[in-house]
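FYI, my numbering numbers position 656 of the sequence shown as 659, with every residue one higher than the one before it.
Every residue gets a Cβ at the ideal spot worked out from N, C-alpha and C, and that includes glycine.
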Amino acid sequence: MNTNQLKRFAQDARVKLIDQIGAKLEKVLTTDSVELREKAGHLKKLQEAINKTSKPEVIDTVAYTWFNRFVALRFMDVNGYEPIGVSVVSPMEGGTLPAILQEAKQGNIPEELPVQHQRIYDLLDGKIPSTDAQNEAYAALLVGACNHLSKTLPFLFEKIDDYAELLLPDDLISSFSIIEDIRIGMKPEDCAEVEIIGWLYQFYISEKKDQVFASKSKVKKEDIPAATQLFTPRWIVEYMVQNTVGKLWMQNNPQSKLRDYMPYFIESPSVTADDYLKIDSVEDITLLDQACGSGHILVYGFELLSIIYEEEGYNKSDIPTHIIEKNLFGFEIDTRAAQLAGLALMLKARHYYRRVFKKDITPNISCYQDLQITEEDIKATFSAVDEELSDALLHDLKTMQQATNLGSLIIPQATANDLEKTRASLAKKANNSDLFHGHNLRGILQAIVQLSALSRKYHCVVDNPPYMGGGNMNKALADFVKVNYPRSKADLMACFMEAGIAALKPKGFLGMINQHSWMFLSSYEKLREYLIETIHFDSMLHLGSRTFPEIGGEVVQNTSFVFNKIKSSQTGIFIRLTEIKNSEQKRTRLMKELIKPSNIYFKSNQINFNKITQSPIGYWLKKDFIDYLSQLKTINTESDIVAGICTGRNAEYIYEWTEVANSKIWNGYDGFPNEFKFKMHNKGGEARKWFGNHSNIINYNETSLCEMNKLKGFRHDGQRFYYKPSLSWSKITSSTNTFRYYPKGFVFDSAGLSIYSKENIIDYELLGFLNTKVAAKLLNLFNPTLNASPGVIRKLPLNKSVNSGVVEKVKNSINISKLELNTKEVSPDFQQNGLIRIKGQDLQEAYDSYCQYWQNKFFALHKNEEELNRHFIEIYGLQDELTPEVPLKDITILKEETTIKKGALVFRESEIMAQFISYAVGCMFGRYSLDKPGLVLANQGETLEDYLNNVTLSAVEVSFLPDDDNVIPILDNEWFEDDIVGRFYAFLKATFGIPHFDKNLAFVEDCVGDIRKYFLKTFYTDHIKRYKKRPIYWMFSSPSGAFNALIYMHRYTPNTLNTVLNGYLKEYLEKLKAQDKQLDHVKNVGTDREKVSAEKEQARINKVVIELQEYDRELFKLATERIAIDLDDGVLVNYNKFGTIIKPVSGLNDKKAKDKVRKFDWIDASTIQ
4 MNTNQLKRFA QDARVKLIDQ IGAKLEKVLT TDSVELREKA GHLKKLQEAI
54 NKTSKPEVID TVAYTWFNRF VALRFMDVNG YEPIGVSVVS PMEGGTLPAI
104 LQEAKQGNIP EELPVQHQRI YDLLDGKIPS TDAQNEAYAA LLVGACNHLS
154 KTLPFLFEKI DDYAELLLPD DLISSFSIIE DIRIGMKPED CAEVEIIGWL
204 YQFYISEKKD QVFASKSKVK KEDIPAATQL FTPRWIVEYM VQNTVGKLWM
254 QNNPQSKLRD YMPYFIESPS VTADDYLKID SVEDITLLDQ ACGSGHILVY
304 GFELLSIIYE EEGYNKSDIP THIIEKNLFG FEIDTRAAQL AGLALMLKAR
354 HYYRRVFKKD ITPNISCYQD LQITEEDIKA TFSAVDEELS DALLHDLKTM
404 QQATNLGSLI IPQATANDLE KTRASLAKKA NNSDLFHGHN LRGILQAIVQ
454 LSALSRKYHC VVDNPPYMGG GNMNKALADF VKVNYPRSKA DLMACFMEAG
504 IAALKPKGFL GMINQHSWMF LSSYEKLREY LIETIHFDSM LHLGSRTFPE
554 IGGEVVQNTS FVFNKIKSSQ TGIFIRLTEI KNSEQKRTRL MKELIKPSNI
604 YFKSNQINFN KITQSPIGYW LKKDFIDYLS QLKTINTESD IVAGICTGRN
654 AEYIYEWTEV ANSKIWNGYD GFPNEFKFKM HNKGGEARKW FGNHSNIINY
704 NETSLCEMNK LKGFRHDGQR FYYKPSLSWS KITSSTNTFR YYPKGFVFDS
754 AGLSIYSKEN IIDYELLGFL NTKVAAKLLN LFNPTLNASP GVIRKLPLNK
804 SVNSGVVEKV KNSINISKLE LNTKEVSPDF QQNGLIRIKG QDLQEAYDSY
854 CQYWQNKFFA LHKNEEELNR HFIEIYGLQD ELTPEVPLKD ITILKEETTI
904 KKGALVFRES EIMAQFISYA VGCMFGRYSL DKPGLVLANQ GETLEDYLNN
954 VTLSAVEVSF LPDDDNVIPI LDNEWFEDDI VGRFYAFLKA TFGIPHFDKN
1004 LAFVEDCVGD IRKYFLKTFY TDHIKRYKKR PIYWMFSSPS GAFNALIYMH
1054 RYTPNTLNTV LNGYLKEYLE KLKAQDKQLD HVKNVGTDRE KVSAEKEQAR
1104 INKVVIELQE YDRELFKLAT ERIAIDLDDG VLVNYNKFGT IIKPVSGLND
1154 KKAKDKVRKF DWIDASTIQ
């Protein structure tokens, strides 16, 4: 089954149906015809439906109704299930028209088809005038076929006697029709299994699902089905049903041959337990899916139960009726899904027994309906019919007012007996009530029927429940789960675990797949304690990520499990498939484990889970290790673990440090914090161990705090720890644990979480431990997600031994990482480019020395990490489970400069040279100097005079003089004296000498290619990336890049654009025109070849001139405005003041970014161009 093709088909079909039905709706509402006047009743119902809801909702309902019917008809056509014996949407072999229409054209319409036979014949014979007789005839046949199926499949093919017929698309038989799309989209091979119905349902609503999530708002109750639908892989369904229904049968019938038909059956100790749920007959077994969707789980339940019935000797003709009426039950909030679940079961039954459509069977699929009457009306109705209304029943009926929102989470307070008595009594009185109370009574009866189903207890419950965190729940749903599911309120999936257990008979089985967060997170601690104490963990497949083929990435981590509703001291079986990265490989590995268990197959007693802080489901831990952990102190006994500030509006208050004037940033040492507008800011950041991620600053002072206080999301957490040295990590983590040291001077936020020793010291041993495999193992126990909160770190058990060797290795690791960080321009403590610092006879020698130096540092750090692993593995006694080796890829320095190839560290010469060139450009603008380490010009409006004062040298004495006007042209040739390539040549000579210039230039070009092409094509892209889309050098560029001028934003003044315009662009235009005249001369006196070449060059120049003349006009317009910038506003704001004359950068000054900036209410939005 090609699910990608099915997805495209379902999505396209939805769009087409909505468009065509929408067009038909407008047509029938605005057209007056005899035909429509004859259907005045239908039109009235249509208008009532629109008034009650809306046009889009009516269109959507009709669209999915017809889609479901078309899908059902196509499936039945392909499989020969059509009761009238002729295909309704599919053609005969070799034909193009639907077979039912082709037969009608030949005078054959099935007698049992409820249509006007003669009228159809007359239409096809031309006796009745029609603009499209075949289409009109087919529409009548299609409606007739659907009405005929209303007897067999009433839940999907309810008799069409309303506006659904009116809104059928006009085109049903052409090659562009929706029927043709259905035939092409549902290939015969796709229709081999009934699972196609579930896939199509999921894909049909997938775009709606995307819209719901894109809105980033609370999920409305009508959107819950789209937001939570996820089709379960077949093998996981088999595991769940085989280990619930199958296991229950094997407990009661240990000699049964059913085991031979259950490849995913797990031989857990409960199979041979003495205490189990007794059943007398297979007819007794009840299987409930609380959120059945399109019926996938129930369909497999039918398959397995049919094998049991056959083994028990039942007549094959009776088996479908027994299974559908006695064994299988489904609850659902979505009408579409409920229809398809019933259809899927009936089609499965038809596959099993060909005459099943002759039987009067209705699947037990209960689709929740809201009780749409008030509390007062409920009371009045019971009073009017003289029926007692208990407080419990009133509570339940009020809850049913939100039935489509709360669904199977509703647990009735009224007893099953009371509900049945009330239902029976009200049913007798319903026919004798007046019109008003009769309407209310029917609604109440429907609600009581649903409550009765909810109050029933089942042998087995198997679900793939909806996943929805509390933050996405609408208010009514969130309030309900807080009151009724306090242990599991964090996510609907966990609530469904409790609801499923409540729906079970004692000793029954719950099978479920959901996200594994409930196993570890602190928000589910009470739920885990409840589960460990009250039910038995019979088996679990810990699936991890990529369980569902359509969901990639690491965020969705799954587990599937079977619980037995019984207290037991027996062990459970746990199979750890988390490291296997796709669904099919997980399945095949499971099969191998069930034949020959390996090191991912665990037997664990859940009693041990409670011995660990917060009771994580650490099934893979050995009992001795669990006992050892239970004796250790946790980190929070010696350290405070805290989250920091949340500004409420990061775009206004948090920047890259390179964006603002350096003089306004407190470095943590010089002066006092309140003297500076900006402070260094720990915002988490990339995965980096030991030291780093120092690129952010925060606008943090009395003024900004006053403004932040007015913002909804502002939190001033951890304030007393600000500016103190700390250990830290990023809240959103990578696959490895990366903790680091921060020196004093930092404000930290809710993503840059921090650890402070209660003794006001730097706990180097703790940092060493946190970066080891032991800590990783424990982190994975307490929270194997990508979100490492302070609560997770607090509960890590810590065994500290005073060991100077550990401390020295940690300090050395910090120093190496700090040294490496400060080789990068984006570090506040950057001093000088590494190639210049190391020096050498020539650039090649400097490069070789650089690589050797950093290779030594890299492997020294690697050695430290492995020795720290070895130390902590030994003191935690994990030698049998962990090894100290660290993959080279997990060393977090030199990530840009190196790559790992075949287990070796390989330096990337292109990146190292790009850093050298970037530093050269910095020296060209005076940001750096060859005569003074670190920053030189880094404050707003500084000049060449400031540069000379800072380096305390004259213009003659400096090694390399910066550009005087802060404009450096980047053109296709050396048109100006300060051309960037010429300036780079001068820099290369100043740094590595004139004698080796040619050799050094050749080496540069070996690394990055032709230097002029590099500056034209690559440099700015590299700069944007290096400075995280917050460039400090800005490129003013014409549309095709024929003219480019680079400036340094810290030296920008309102006159800079005039310099670009008059000092460079206009002069360049004049030079191009002069060259054009020279080419005229060549055309007059040159050879034929020279003339052809001159003509081509003139054509190019003319094109460039036209472009630059237009650019001149745009540049002139902005130059006359004398635009001012304020570095305090950051690059995002300032860059967007220059309209189209500045280089476009995706995410910085594209339309989306500009629209975002214009909404900033703390700036003058009129300056954004």
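Selected residue, minimal CA-CA separation from residue i, among the options
i	options	result
Gln3	Ile839, Lys992 and Lys892	Here the chain comprises residues numbered 4 to 1172, so residue 3 is not present and cannot be evaluated.
Glu1100	Leu1121, Arg1116 and Lys1076	Lys1076
Asp128	Leu104, Glu114 and Phe577	Leu104
Ile123	Thr886, Thr134, Gly441 and Leu144	Leu144
Tyr745	Asp752, Ser757, Thr581 and Ser753	Ser757
Asn639	Glu900, Ser760 and Thr537	Ser760
Gln205	Tyr622, Arg17, Tyr488 and Lys992	Arg17
Gln835	Gln844, Gly843 and Asn825	Asn825
Glu390	Cys370, Tyr725, Lys424 and Lys595	Lys424
Glu51	Leu32, Trp69 and Leu39	Leu32
Arg911	Tyr850, Ile181 and Pro936	Tyr850
Pair within 7 Å by beta-carbon distance, residue i and residue j
i	j	result
Leu781	Leu730	no
Leu1072	Leu1111	yes
Thr706	Asp893	no
Leu422	Ser458	yes
Leu374	Gln342	no
Leu632	Ile615	yes
Ile2	Val65	What the structure shows of the chain is the stretch from 4 to 1172, and residue 2 is not part of that stretch, so it cannot be assessed.
Glu270	Cys295	no
Lys478	Lys485	no
Ile311	Val285	yes
Asp466	Asp292	yes
Ala481	Gly472	no
Lys860	Ile819	yes
Asn330	Leu301	no
Val1160	Val1136	yes
According to DSSP, residues forming a beta bridge with residue i
i	result
Asp494	Gly472
Gln560	Ser548
Gly755	Ser733
Gly446	BP columns for Gly446 are empty, so no partner.
Val464	Leu291 and Leu513
Thr902	Val909
Ile971	Leu1049
The beta strand (DSSP E) enclosing residue i, as first and last residue numbers
i	result
Met1038	Tyr1036 to Ser1040
Met189	Neither: Met189 is in no beta strand (DSSP E) and is coded neither H nor E.
Asp125	Note, Asp125: premise wrong, no beta strand (DSSP E); alpha helix (DSSP H) at His120 to Asp128.
Tyr744	Arg743 to Tyr745
Ile199	Looking at the DSSP string, Ile199 is not in any beta strand (DSSP E); the run it does join, the alpha helix (DSSP H), is Ile199 to Tyr207.
Gly575	Gly575 to Arg579
First and last residue of the uninterrupted alpha helix (DSSP H) at residue i
i	result
Ala907	Per DSSP, Ala907 belongs to no alpha helix (DSSP H); it is in the beta strand (DSSP E), Ala907 to Phe910.
Gly771	Tyr767 to Leu773
Continuous beta strand (DSSP E) assignments of at least 3 residues falling wholly in the region 1101-1149: Taken in chain order, the complete beta strand (DSSP E) segments of 3 or more residues contained in the region 1101-1149 number zero; there are none.
Inside the region 788-837 only - alpha helix (DSSP H) runs reaching at least 4 residues: List check, alpha helix (DSSP H) in window: 793-797 and 807-824.
Residue ranges of each beta strand (DSSP E) within the region 493-543, 3 or longer: Listed in chain order, they are 507-518.
Entirely enclosed alpha helix (DSSP H) segments - the region 635-701, minimum 4 residues: Taking only runs of at least 4 residues, the alpha helix (DSSP H) segments lying wholly in the region 635-701 are 653-656.
Whole alpha helix (DSSP H) elements within the region 7-88, 4-residue minimum: Counting only runs of 4+ residues, the alpha helix (DSSP H) found wholly inside the region 7-88 occupies 37-40, 43-55 and 58-82, in chain order.
Contained beta strand (DSSP E) runs [length at least 3] in the region 311-365, N- to C-terminal order: Runs of the beta strand (DSSP E) inside the region 311-365: 331-335.
Complete runs of the beta strand (DSSP E) confined to the region 1047-1106 [at least 3 residues]: Within the region 1047-1106, the complete beta strand (DSSP E) runs of at least 3 residues are 1047-1051.
Residue ranges of each alpha helix (DSSP H) within the region 373-407, 4 or longer: Qualifying alpha helix (DSSP H) stretches, in chain order: 378-387 and 394-402.
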